[in-house]
Structure formats: C-alpha cells, structure tokens
Amino acid sequence: MVGYTIRRIIQSIIVLLGVLVIMFILQSLLPNPARAIVGVHASPAVVHAFIVQNYLNKPFYFQLWHYLYEVIWQHTLGTSYKLNESVGSILKRDAPKSFLLVGVALLISIVVAIPIGIFQAVRRNKASDQAVTGLSFVLYAMPTFFLGELLILLFSEYFHLLPAEAPQGSTVGQILAQPTGLILPIATLALVNFAGYSRFMRSSAIESLAQDFIRTARAKGLSERVVLFKHMLRNSLIPIVTLIGLTLPAVLTAGLITEFLFNFPGIGSDYITALTSQDYPTALGITLIVAVFTVLGNLLADIAYAALDPRVRY
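Numbering (the UniProt record's numbering), first residue to last: 1 to 314.
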C-alpha cells in the first residue's frame with residue numbers, strides 16, 4: 001500500500017508540472033494585456049513600463065522560468081495585474097471561503113446520497129424508488145446557474161425566507177456569522193451533486209445485492225441491517241469513491257459559478273473578474289488551483305480504491 005501510494009504521488013507531481021507548463025504556454029498565446037490593464041488613454045511610456053515590470057518583453061523561456069520560480073520556490077503564483085499583489089495572497093484570503101462553501105455542500109450531498117441510494121436499491125422499482133429517481137433526473141439535468149436562479153426566485157423573491165445574496169466578509173469567521181446567507185448557495189451545489197451520487201449509489205447497491213456473498217450472508221440468518229451496512233456497503237462504495245474523486249474538480253468549478261451567482265466573496269468572483277479584466281496571472285493561479293484539485297481528487301480516489309479493494313495495489 002505504501003509503495004502504491006508513493007508511485008501515485010510521484011505521478012501526480014509530474015502531471016501537475018506538465019499542466020502548469022501547458023497552461024503557461026496557452027496564456028502566452030493570448031493578446032498582450034498591457035493596454036487593457038493601464039487603460040486605453042495611457043501614454044506609450046506607461047505601457048512600456050508595465051511591459052518591462054511584468055517581464056512581457058522577455059523571451060518566452062525566461063517568462064516560463066520566472067513563473068515556475070514564483071510558483072515552486074516563492075509560492076506567490078505571480079502578481080495580479082489589477083490588484084498589484086501576489087496571486088498567492090489573493091488565494092490565501094479568498095480560497096478558504098470557497099473551500100468552506102464547496103466542502104460543506106459536497107459533504108451534505110454525500111451524506112444524503114448514500115443512504116438514499118441504498119433505500120432506492122432495497123425498494124427497487126417501487127413507487128418511492130421511482131419518485132426519488134424522477135427527482136434525481138430533474139436535478140441532474142439542471143445547470144447549476146439555473147437551479148440557483150430557481151432557488152432565489154422561490155425562497156427569496158416569492159416566500160422572502162432567505163437572502164438572495166451570500167454573506168459578505170473577508171474571513172471565514174465573518175462568513176459563518178451570517179449562516180442564513182449560506183443556505184441557498186450550499187443547497188444549489190448539494191442538490192446537483194446529490195442527484196449524481198444517489199444514482200450511482202443505487203446502481204452500485206443493486207449490483208452488490210445480486211452477488212453470491214449477499215445471498216450467503218442472508219442464508220446464515222444475518223439481519224437485513226447487518227447485510228446492508230456490513231457486507232453490501234463496502235463493496236458498493238468502491239465506484240462511489242471513484243466518482244467523488246473524479247467529480248471533485250467539477251464540484252469546484254460549479255462552485256465558481258455559484259459564487260458569481262450569489263455574489264459570494266470567494267475565488268469564483270476573483271476568477272470572473274480576472275477573466276473580464278485580462279488579469280492573466282490571477283486567472284492562471286485559480287486555474288492551477290482547479291488543476292491541483294483535479295489531480296488530488298484522482299489521487300485520493302486511487303488511494304481509497306486501493307484501501308477498499310486490495311487487488312488494485314497489484
């Protein structure tokens with residue numbers, strides 16, 4: 001298990017370095033942002049000073065080496081063109097808030113989806129199963145922004161129960177001080193994720209219930225609760241663990257959309273602002289964070305898969 005984990009970690013580091021280089025190459029193909037950053041009426045001297053300050057007049061290999069140095073050794077991820085501060089400090093300030101939003105939504109969706117999926121498998125093709133299946137299909141088909149808009153219209157505009165805007169604050173503590181404002185953005189992410197996880201859990205549980213070891217456990221006279229949660233659950237969780245690892249970046253990117261929709265002060269808002277203002281270093285830094293979570297999700301899925309099924313280690 002240790003050797004397998006070390007190999008996967010080394011592979012993940014190599015993949016991240018490759019992704020970092022490819023993203024920087026793609027960024028270098030974009031138009032020079034100097035005029036957009038300093039303003040259309042700025043003098044040529046001001047534009048030239050901006051270009052020199054950000055090494056945009058240097059050869060590509062120099063720019064790449066300088067960026068790798070900032071990312072790997074200085075951990076600054078470059079300097080924001082608009083805010084004139086390191087991208088690392090921006091992420092340090094806003095990323096915890098985004099991780100809070102996405103993490104809580106992901107946890108809720110998993111905790112709810114697993115027992116619901118088992119319930120559907122046990123009640124396969126019954127009215128309750130079909131009702132939950134229909135709801136899951138509806139939620140799964142909805143884009144994140146559309147579901148968020150529906151929740152705002154229903155709970156904020158029509159019933160006036162919850163605020164349409166997420167809590168505003170520069171720290172996690174300030175965000176948590178306004179818990180009612182977190183309900184709608186968290187519900188938006190949790191409902192979309194729940195739909196997919198519950199469907200996969202149902203399919204996996206149905207497949208496990210048809211296996212010989214389940215029939216053997218029941219033949220021994222074990223209670224249905226022991227059969228479901230001791231014998232069936234572990235085998236059913238294998239594809240779910242893989243799914244969670246693979247969908248982690250999708251959950252994070254959905255969180256970016258949700259943040260913009262609810263005006264949540266996280267990296268989603270930073271990302272939209274960076275794209276619209278051609279602040280390439282900030283956009284690249286946030287994209288790198290998404291790439292890290294993509295690789296990390298796959299790594300954790302592989303490790304958890306190996307823990308659940310020892311055959312994977314070989």
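Glycine included, C-beta positions come from ideal geometry on N, C-alpha and C. Predicted model only: the values in this text are computed from it and were never measured.
Return helix, strand or coil for residue i, following the three-state DSSP convention.
i	result
T76	coil
S277	coil
Q178	coil
H160	coil
F60	helix
I168	The sequence given here has Gln at residue 168, not Ile. Note: Q168 maps to coil in three-state DSSP.
M142	coil
G266	coil
N54	coil
N298	helix
K92	helix
P44	helix
P33	coil
K126	coil
May I have the straight-line CA-CA distance separating residue i from residue j, to the nearest angstrom?
i	j	result
F293	P249	6 Å
T273	E259	12 Å
N263	S128	37 Å
E224	H231	10 Å
Q27	Y158	44 Å
G3	I9	10 Å
I236	I214	The displayed chain sequence assigns Ser, not Ile, to residue 236. Between S236 and I214, the C-alpha separation is close to 12 Å.
G245	A113	15 Å
V295	A105	20 Å
Q130	K82	52 Å
I108	T188	11 Å
N57	F50	10 Å
G285	A291	10 Å
residue 395	P239	No answer is possible for residue 395: the residues shown for the chain start at 1 and end at 314.
L153	H160	9 Å
A301	P96	22 Å
H48	V192	47 Å
Q211	P143	36 Å
P31	F62	18 Å
P59	W65	10 Å
E149	A190	15 Å
S89	T76	7 Å
V227	E85	57 Å
N298	I14	14 Å
L222	L209	14 Å
Q74	R7	26 Å
Just checking my contact of residue i with residue j at CB under 8 Å: how many whole Å lie between their CB atoms?
i	j	result
Y271	A283	6 Å
M23	T287	6 Å
G196	T133	Their Cβ separation, rounded to whole angstroms, is 13 Å, which puts G196 and T133 out of contact at 8 Å.
L147	S156	Not a contact, Cβ separation roughly 14 Å.
G181	E207	At roughly 41 Å, the Cβ-Cβ gap does not stay under 8 Å, so G181 and E207 are not in contact.
R93	S170	7 Å
Y69	G78	With 8 Å as the limit, Y69 and G78 do not qualify as a contact, their Cβ atoms being about 10 Å apart.
F145	L261	6 Å
residue 387	L139	Nothing can be reported for residue 387, as the shown portion of the chain is limited to 1 through 314.
G268	I257	7 Å
V87	S98	Contact flag wrong, Cβ pair sits at about 14 Å.
S198	G117	5 Å
Q178	P185	Their Cβ separation, rounded to whole angstroms, is 12 Å, which puts Q178 and P185 out of contact at 8 Å.
I175	L100	7 Å
A217	A121	So it is not a contact: roughly 15 Å between Cβ atoms.
P44	Q278	Actually they do not touch by this definition, with Cβ atoms about 19 Å apart.
T5	I303	6 Å
V251	V102	6 Å
Based on the DSSP output, what are the partners of residue i in its beta bridges?
i	result
S86	T79
Comparing the CB of residue i with every heavy atom of the ligand MN, is any distance shorter than 7 Å?
i	result
H160	As for the ligand MN, it is missing from this structure, which has no ligand bound.
Does residue i come within less than 8 Å of chain B when only Cβ atoms are used?
i	result
P96	Of the chains in the structure shown, none is chain B; there is only one protein chain.
Mind pulling the alpha helix (DSSP H) runs of 4 or more residues that sit fully within the segment 182 to 237?
Listed in chain order, the complete alpha helix (DSSP H) runs (minimum 4 residues) inside the segment 182 to 237 are 212 to 219.
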